[in-house]
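Quick note: the sequence shown uses numbering that gives the first Met the number 0, first residue 0, plus one each step.
Here a beta-carbon is modelled for each residue, glycine too, at the ideal position from N, C-alpha and C.
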Amino acid sequence: MKKCPQLTEEFLRELVMRGMSGAAIAREVGCTAETVNNRRREFGIGYTDFTFEELFWINVDKNGPTPGHCLELGKCWIWTKGKDSYGYGLVTTPHLNVRQAKASRVSWIIHFGDPGNKRVLHKCDNPSCINPNHLFLGTQLDNMRDCSNKNRMSSRTGSNNGRSTVDESFVRQVRCEYIPRSTTNGLNALVKKYDIPYGTLQKIITRETWSHVS
Ligand SMILES: [Zn+2]
0 MKKCPQLTEE FLRELVMRGM SGAAIAREVG CTAETVNNRR REFGIGYTDF
50 TFEELFWINV DKNGPTPGHC LELGKCWIWT KGKDSYGYGL VTTPHLNVRQ
100 AKASRVSWII HFGDPGNKRV LHKCDNPSCI NPNHLFLGTQ LDNMRDCSNK
150 NRMSSRTGSN NGRSTVDESF VRQVRCEYIP RSTTNGLNAL VKKYDIPYGT
200 LQKIITRETW SHVS
């Protein structure tokens with residue numbers, strides 16, 4: 000059997016995981032499709048061996064930009080495959096009972112479970128980002144408010160309405176620091192850190208209150 004020295008098990012596994020056919024791999028490494036298939040058999044790599052998550056993560060670049068308005072968030076994880084016209088990553092999947100899902104939503108499901116009827120929104124304002132720590136749950140209404148506020152179309156409530164004990168800069172800060180289910184930056188930790196009632200903080204994070212603050 001003719002060997003192709005470039006085609007190590009690890010490299011072949013990665014090319015197959017990227018969805019390349021035997022013929023495409025053969026072109027890539029400069030050998031015949033037959034050699035590729037022999038190698039595949041030798042290493043026991045089938046075309047359906049990969050889990051949904053393995054196939055998902057191969058399309059993610061974890062070395063994206065750090066959001067300028069909140070450096071504490073760290074780097075964005077950029078979805079490198081198909082995107083919609085707004086820049087949201089799209090995943091084609093039979094696994095979620097839908098034909099196509101937003102990559103940010105799939106990332107949330109992988110890390111935290113089903114968000115139900117809530118929408119997965121971005122703290123980093125980068126629609127192609129799927130870093131779970133940059134995502135938060137909100138309603139469609141929050142999303143619309145978020146958009147309209149980013150366009151400076153509305154600003155009605157907040158620290159100038161006379162009944163707030165927190166201000167807009169605190170709201171921005173605490174949303175920026177919040178990381179879902181984190182022991183150091185989760186709800187409980189931030190409640191302790193800022194000595195604020197749990198329910199109050201939860202509503203700020205989920206944008207039930209202060210939804211006009213972007
Ligand atoms: Zn991000």
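Q: Quick one: which unbroken beta strand (DSSP E) runs of 3-plus residues sit fully inside the stretch 36–104? Chain order, please.
A: Within the stretch 36–104, complete beta strand (DSSP E) segments of at least 3 residues are found at 89–91 and 99–101, given in chain order.
Q.
Quick test of your reading: histidine 133 and lysine 122, contact by CB under 8 Å. State the CB separation rounded to the nearest angstrom.
A. Within the sequence shown, the letter at position 134 stands for residue 133. Within the sequence shown, the letter at position 123 stands for residue 122. With a Cβ gap of about 5 Å, histidine 133 and lysine 122 count as contacting.
Q. Can you tell me whether leucine 189 is buried or exposed, with buried defined as 16 or more other CB within 10 angstroms of its CB?
A. Start at 1 with the first residue of the sequence shown, and residue 189 comes out as number 190. Note on leucine 189: 16 or more other CB atoms within 10 angstroms of its CB, so buried under the neighbour-count rule.
Q: Assess, as a yes-or-no matter, whether the stretch 40–57 is touched by the stretch 10–27 under the definition of 3 or more beta carbon pairs within less than 8 Å.
A: Enough Cβ pairs lie closer than 8 Å, so yes.
(Q) Just to be sure I understand the criterion: a residue counts if its Cβ is closer than 5 Å to at least one heavy atom of ligand 1. Which residues meet that? (A) For ligand 1, the selected residues are Cys75, Cys123, Asn125, Cys128, Asn130 and His133.
Q: State the start and end residues of the unbroken alpha helix (DSSP H) segment that holds valine 15.
A: Taking the sequence shown and counting its residues from 1, one reaches residue 15 at position 16. 8–16 is the span of the alpha helix (DSSP H), which, as asked, contains valine 15.
Q) Helix, strand or coil: how does DSSP classify cysteine 3 here? A) Here residue 3 corresponds to residue number 4 of the sequence shown, with the count starting at 1. In the three-state reduction of the DSSP assignment, cysteine 3 falls in the coil class, being assigned neither a helical nor a strand state.
(Q) Quick check on tyrosine 177: buried or exposed, where buried means 16 or more other Cβ atoms within 10 Å of its Cβ? (A) Taking the sequence shown and counting its residues from 1, one reaches residue 177 at position 178. Here tyrosine 177 is buried, its C-beta having at least 16 other C-beta atoms within 10 Å.
**Q.** Sufficient close CB pairs (3 or more, under 8 Å) joining the stretch 167–176 to the stretch 102–109
**A.** Contact fails: fewer than three Cβ-Cβ distances are below 8 Å.
**Q.** Nearest to threonine 50 (by Cα), restricted to the options Gly21, Arg12 and Thr34
**A.** As a working note, residue 50 is residue 51 in the sequence shown. Of Gly21, Arg12 and Thr34, the residue nearest in Cα terms is Arg12.
Q) Does the separation of the CB atoms of asparagine 130 and tryptophan 76 fall below 7 Å? A) As a first step, residue 130 must be located in the sequence shown, where it is residue number 131. As a first step, residue 76 must be located in the sequence shown, where it is residue number 77. Result yes, Cβ atoms of asparagine 130 and tryptophan 76 sit closer than 7 Å.
Q: Give the secondary structure of histidine 121 by DSSP, where H, G and I count as helix, E and B as strand, and everything else as coil.
A: Here the question's residue 121 lines up with position 122 in the sequence shown. Of the three classes helix, strand and coil, the one that applies to histidine 121 here is strand, per DSSP.
Q: Return the CA-CA distance between proline 3 and tryptophan 78, expressed in angstroms with no decimal places.
A: Within the sequence shown, the letter at position 4 stands for residue 3. Within the sequence shown, the letter at position 79 stands for residue 78. Per the sequence shown, residue 3 should be read as cysteine rather than proline. Near 32 Å, if we compare the C-alpha coordinates of tryptophan 78 and cysteine 3.
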